[in-house]
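In order, the protein sequence lines correspond to chains A and B.
Numbering-wise, our numbering puts 76 at position 74 of the first sequence, and it's gapless, one number per residue.
Numbering-wise, our numbering puts 294 at position 65 of the second sequence, and it's gapless, one number per residue.
Backbone N, C-alpha and C define an ideal beta-carbon position, used for all residues, glycine too.
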Amino acid sequence: MELTLDMKYAPSEDVVARVIEDELIIVPLVAGIGDMEDELYTMNETGKAVWSRLDGEKTLRMIADDLAATFEAPPGIIEKDVLGLIEELVRRKIVVVR
Amino acid sequence: MSYIKKLLPHEFNNWQNKRPLLGQLDIELTERCNNACLHCCINLPEDDAASRDREMNTDFVKDVLSQAAGLGCLTVRFTGGEPLLREDFAELYEFARRMGMQVILFTNACLVTPELAVLLARIPPGRVLEVSVYGMRPESYDRAVGRKGAFEEFRRGVSLLEEHRIPFIVKAALLPLWKEELAEFESWARTILHMDKMPGYSMNFNLRSRRDNAAKNATIAGLRATPEETVSMLLRNPHFLEELKQFCRKFMGSSGDRLFSCGAGHGACIDAYGKVQMCLLLKNPATVVDLREVTLKTVLTEVFPAMRESSVATNPDYLRRCARCFLKGLCEQCPAKSWMENGTLDTPVEYLCAVAHAQGRHLGLLGDNENAWDVAGSGARHSG
Numbered sequence: 003m004e005l006t007l008d009m010k011y012a013p014s015e016d017v018v019a020r021v022i023e024d025e026l027i028i029v030p031l032v033a034g035i036g037d038m039e040d041e042l043y044t045m046n047e048t049g050k051a052v053w054s055r056l057d058g059e060k061t062l063r064m065i066a067d068d069l070a071a072t073f074e075a076p077p078g079i080i081e082k083d084v085l086g087l088i089e090e091l092v093r094r095k096i097v098v099v100r
Numbered sequence: 230m231s232y233i234k235k236l237l238p239h240e241f242n243n244w245q246n247k248r249p250l251l252g253q254l255d256i257e258l259t260e261r262c263n264n265a266c267l268h269c270c271i272n273l274p275e276d277d278a279a280s281r282d283r284e285m286n287t288d289f290v291k292d293v294l295s296q297a298a299g300l301g302c303l304t305v306r307f308t309g310g311e312p313l314l315r316e317d318f319a320e321l322y323e324f325a326r327r328m329g330m331q332v333i334l335f336t337n338a339c340l341v342t343p344e345l346a347v348l349l350a351r352i353p354p355g356r357v358l359e360v361s362v363y364g365m366r367p368e369s370y371d372r373a374v375g376r377k378g379a380f381e382e383f384r385r386g387v388s389l390l391e392e393h394r395i396p397f398i399v400k401a402a403l404l405p406l407w408k409e410e411l412a413e414f415e416s417w418a419r420t421i422l423h424m425d426k427m428p429g430y431s432m433n434f435n436l437r438s439r440r441d442n443a444a445k446n447a448t449i450a451g452l453r454a455t456p457e458e459t460v461s462m463l464l465r466n467p468h469f470l471e472e473l474k475q476f477c478r479k480f481m482g483s484s485g486d487r488l489f490s491c492g493a494g495h496g497a498c499i500d501a502y503g504k505v506q507m508c509l510l511l512k513n514p515a516t517v518v519d520l521r522e523v524t525l526k527t528v529l530t531e532v533f534p535a536m537r538e539s540s541v542a543t544n545p546d547y548l549r550r551c552a553r554c555f556l557k558g559l560c561e562q563c564p565a566k567s568w569m570e571n572g573t574l575d576t577p578v579e580y581l582c583a584v585a586h587a588q589g590r591h592l593g594l595l596g597d598n599e600n601a602w603d604v605a606g607s608g609a610r611h612s613g
């Protein structure tokens, strides 16, 4: 399925997201998300900003627009970042399409 | 460009100087056990009603887990006794996982059921299970754990783990009665998917951690490997000598009169009855705190740091020997072992002293008749 900015995504129920010491930590609950049993994930600042807006209601475009306004950044760059992150998260089964 | 980064739990605990207040929580879910191992420092009978009635209930354990998660804890170790004896084990396990914690489970595997195996496959612990082994044949195993049919249960439990592809490793309590089966054990261990190194052995068994059974202590003492046997067992690992030398370069040197030069109190261990201990072994009543009276955060930020700071050795024998001994890094002497063995926090444990000296002599750090605490200028001996 091709990823587009009109799609909506939400965190998968197969992971638990935690904020520890200001870091976002993704803890897989089921097999097949990480390459190893005890693997966790963390995200950079861009990732954290996107993750906090992934609610299954907003499209990726709405999230990108919100971020562009918040950070006063060019929408084109933000959209590229949002799509890049979501692609990684989809591949890892950390988010699901709604 | 990658937006997400893989991280292992221990990496997070030292990552970007952002150590959570609590990295790992240990919980002894029960002191009762389905086995009655000869060498065990903690086990009570499975049907010990007095112990069962005092155990933390489900809600209490969940509250402890919630508190731990709130302190940044990423890993909980369930141990015992045999943790699978608790009827609510599956509920507690799933609760911990859904709080975003990885679970380390110490078990003898005898009580693994098909239902539990399905749960562990559906929601993997995130860490390999650690299965203790007490023999490779029914006669020896059943004798070591004190009941008939245990070996069959153990094999059935392990088969269920294998069948459901649940990652586990094995480790062994090396009792004299099954020493002849060692090669068979190691050969089997090599066939286990997640065994990427030699199995760990316990052989310098601890005395009863609650100092509750003098007769059993005598039995345990009789089952311990001698210092020489310990060295030869350790040498079975081809990497042991080099690892030990590297370890010595980093960690040798005396600790002075500070009792808690170890990690005790930096983490927390909850006993079966809701008391917080500084480490898994230290059950001295003067060093534990009831979680019904204070929060885990208070224990970690106020109570344990104060205990660590104020605890100094006063026993002249300890000050003459342990406080000055450069083999400290090789020796398992600690307040918990001292308590189990002698009933104080600062009495040298003669057995552990002998084991450490045997290792020191094997490494060439000590002459045959030398005591490590008498060696002046010991730095040169362990830095090479």
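Pick helix, strand or coil for residue i, following the three-state DSSP scheme.
i: Gly355/B; result: strand
i: Pro274/B; result: strand
i: Ser295/B; result: helix
i: Gln562/B; result: coil
i: Ser430/B; result: Correcting the residue identity first, residue 430/B is Tyr in this sequence and not Ser. Strand, per DSSP.
i: Leu390/B; result: helix
i: Val631/B; result: Examination of residue 631/B is not possible in this model, given that chain B is present from 230 through 613 alone.
i: Phe397/B; result: strand
i: Thr573/B; result: coil
i: Cys266/B; result: coil
i: Ile22/A; result: strand
i: Lys557/B; result: helix
i: Arg55/A; result: coil
i: Thr61/A; result: strand
i: Ala75/A; result: coil
i: Ala450/B; result: helix
i: Ala33/A; result: coil
i: Arg248/B; result: coil
i: Arg487/B; result: strand
i: Asp441/B; result: coil
When burial is assigned at 16 or more other CB atoms within 10 Å of the CB, is residue i buried or exposed?
i: Glu311/B; result: buried
i: His468/B; result: exposed
i: Pro30/A; result: buried
i: His423/B; result: exposed
i: Val21/A; result: exposed
i: Phe480/B; result: exposed
i: Ile27/A; result: buried
i: Ser484/B; result: buried
i: Met507/B; result: buried
i: Lys566/B; result: buried
i: Ala535/B; result: exposed
i: Gln296/B; result: buried
i: Thr516/B; result: buried
i: His239/B; result: exposed
i: Val97/A; result: buried
i: Gly79/A; result: The amino acid occupying residue 79/A in the given sequence is Ile; Gly does not appear at that position. Counting Cβ neighbours within 10 Å, Ile79/A comes out exposed, since fewer than 16 surround it.
i: Val99/A; result: exposed
i: Leu237/B; result: exposed
i: Gly613/B; result: A caution first: Gly613/B carries a pLDDT of 49, below 50, which makes its placement in the model too unreliable to give a value.
Are the CB atoms of residue j and residue i within a distance shorter than 8 Å?
i: Phe324/B; j: Leu294/B; result: yes
i: Leu5/A; j: Glu81/A; result: no
i: Val305/B; j: Val332/B; result: yes
i: Glu25/A; j: Lys247/B; result: yes
i: Leu581/B; j: Leu488/B; result: no
i: Glu257/B; j: Gly309/B; result: yes
i: Ser317/B; j: Thr287/B; result: Inspection of the sequence shows that residue 317/B is occupied by Asp rather than by Ser. Yes, Cβ-Cβ distance for Asp317/B and Thr287/B is below 8 Å.
i: Cys560/B; j: Cys554/B; result: yes
i: Asp104/A; j: Ala19/A; result: Nothing can be reported for residue 104/A, as the shown portion of chain A is limited to 3 through 100.
i: Ser539/B; j: Cys270/B; result: no
i: Cys266/B; j: Tyr363/B; result: yes
i: Gly252/B; j: Gly496/B; result: yes
i: Leu69/A; j: Ala51/A; result: yes
i: Leu436/B; j: Pro405/B; result: no
Quickly, what does DSSP pair residue i with across the bridge? List them, please.
i: Tyr580/B; result: Looking at the DSSP assignment, Tyr580/B forms no beta bridge with any residue, so it has no partner.
i: Asp13/A; result: As written in the sequence, residue 13/A is Pro, which differs from the Asp given in the question. In DSSP, Pro13/A forms a bridge with Val97/A.
i: Tyr43/A; result: Ile28/A, Lys235/B
i: Glu257/B; result: Thr308/B
i: Ala279/B; result: Beta-bridge pairing links Ala279/B to no other residue.
i: Ala402/B; result: Ser431/B
i: Ala497/B; result: Leu254/B
Cβ-heavy atom distance between residue i and the ligand SAH below 7 Å?
i: Ala565/B; result: Looking at this structure, you won't find the ligand SAH or any other ligand, since it has none at all.
For chain E, find out if any of its Cβ atoms is closer than 8 Å to the Cβ of residue i; answer yes or no.
i: Gly78/A; result: You won't find chain E in this structure, because its protein chains are A and B.
Original post:
Taking the runs of the alpha helix (DSSP H) that are 4 residues or longer, which of them lie wholly in the stretch 499-545 of chain B?
Top reply: Listed in chain order, they are 533-539.
**OP:** Write down every uninterrupted run of the alpha helix (DSSP H) in the stretch 317-378 of chain B whose length is 4 residues or greater and which is fully enclosed by it, in chain order.
**Re:** Within the stretch 317-378 of chain B, the complete alpha helix (DSSP H) runs of at least 4 residues fall at 318-327, 343-351, 367-374.
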